[in-house]
Amino acid sequence: MKRIVILGTGGTIAGQSRSAGDNVGYAAAQIAVADLVTAIPALSGFALEAEQVAQIDSKDMDFAVWRRLAQRTAHHLARDDVAGVVITHGTDTLEETAWFLQRVLAPDKAVVLTAAMRPATALAADGPQNLLDAVHLAAQPGARGVMACVAGVVHAGCDVRKVHPYRVDAFDSGDAGPLGYMEEGSLRRLRDWPHGVPLGLARVLREDWPRVDIVMNCAGADGALVDALRALGARGIVAAGTGNGTLGAPLEDALLRAQAAGVAVLRTSRTARGRLIDSGDAALPSAGAMTPVQARVELMLRLL
Ligand code: SIN
């Protein structure tokens, strides 16, 4: 039997609260990933290996952890005795890590991110079932690409986004819809595995990542933030536009000035679903179906 490697990065799935009834006043990233694994008797039938890559609340995710995570994931995927990798992660920035890993590694084995909305000490913790499902998913014959598996739903890494601050089914795939569902250890797959051309690890191992920020169009938005970001040395700016990626005139003017000065700009929508439909004469390039946070990761990767 081939191994599944479980890389721990922290999150609520490894969180602890003082009282079992408290699902919000807890500390994330307290329990070692090896202990999360041994607490699930149903995992005993798998050949597993656990490794702690980080122990953080994912709101504090940074580029150093991403570099380490990409390195460790690539290292284990290259082993002949490993079928796939599972990553335990906080829910808050899971979608950014998923985009990052899919674009950098585009693996031909499964890399499954999983998480929990309730701490491990909760009365009805969701983490153990999510971790069990994630291991089953990583072990499915032919499974490949970066995916997220939470609340029994499987999302492609480039589609997943967090859509709810509290419910256990907090993730969604936007208009793409889920890749499938985990049902008692089996995947009911609705569409193809995630695939793509990897950008490669070498691109992200340097430490001087470019500064890329997000500015949002909203009532009364002007160009002051864009000018301030240019002064801070931003090399890229993602505009979270209204509706179909539209921008108020003062903000658009500031972004056009930034672009003319060599700052890379991508336009997205602040709405939750869909993709930008361009008329063909847009002066600021569209990021298509990317959410603002996905587009920020993408722009950083392009600038690297
Ligand atoms: C985190 O993202 O690490 C905390 C929140 C969560 O995992 O739900």
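Per my numbering, the sequence shown starts with residue 76, numbered consecutively.
No residue lacks a Cβ here, since even glycine has one placed at the ideal position from N, Cα and C.
In this text the structure is predicted, and so the values were computed from the model without any measurement.
1) Among all residues, which have a Cβ less than 5 Å from at least one non-hydrogen atom of ligand 1, and in what chain order do they fall?
2) Spatial neighbours of Gly96 within its chain, please: C-beta separation below 7 Å, excluding the five flanking residues on both sides.
3) Quick check: the Cα distance between Leu144 and Trp174, rounded to an integer number of angstroms?
4) Does Ile289 pass the burial test, meaning 16 or more other C-beta atoms within 10 Å, or should it be called exposed?
5) At the level of alpha carbons, what is the spacing between Arg264 and Val238?
6) Report all residues from its chain with a CB closer than 6 Å to the CB of Ile88; omit the five preceding and five following residues, and keep chain order.
7) Identify whether Gln91 lies in helix, strand or coil by the three-state DSSP scheme.
8) To the nearest angstrom, how far is the alpha carbon of Gln177 from that of Arg266?
9) Count the other C-beta atoms from every protein chain shown that fall within 10 angstroms of the C-beta of Met76, then say buried if there are 16 or more, exposed otherwise.
10) Take every Cβ of the stretch 274-290, pair it with every Cβ of the stretch 221-240, and state whether three or more of those distances are shorter than 8 Å.
11) For a test of the three-state rule: what should DSSP assign to Val235, helix, strand or coil?
12) Please classify Lys184: is it buried, with 16 or more other beta-carbons within 10 angstroms of its beta-carbon, or exposed?
13) Can you give me the C-alpha to C-alpha distance between Gly220 and Ala347, rounded to a whole angstrom?
14) Just verifying my parser: in three-state terms, what is the DSSP assignment at Met136?
15) Using beta-carbon positions only, say whether Gly371 and Val313 come within less than 8 Å of one another.
16) Does the contact criterion of 3 or more C-beta pairs under 8 Å hold for the stretch 127-134 versus the stretch 101-110?
17) Quick check: the stretch 154-161 against the stretch 78-87, are at least 3 beta-carbon pairs closer than 8 Å?
18) Under the DSSP definition of a beta bridge, which residues are partnered with Ser119?
19) Could you please give me the residues that DSSP links to Met222 through a beta bridge?
Taking the structure as given:
1) Gly86, Thr87, Ala103, Asp132, Ser133, Gly165, Thr166, Asp167
2) Leu198
3) 13 Å
4) buried
5) 22 Å
6) Thr163, Ala190, Ala191, Gly202
7) strand
8) 17 Å
9) exposed
10) no
11) coil
12) buried
13) 24 Å
14) coil
15) The identity of residue 371 in the sequence shown is Arg, whereas the question assumes Gly. Yes, the Cβ-Cβ distance between Arg371 and Val313 is below 8 Å.
16) yes
17) yes
18) Bridge partners of Ser119: none, in fact.
19) Val187, Ala231
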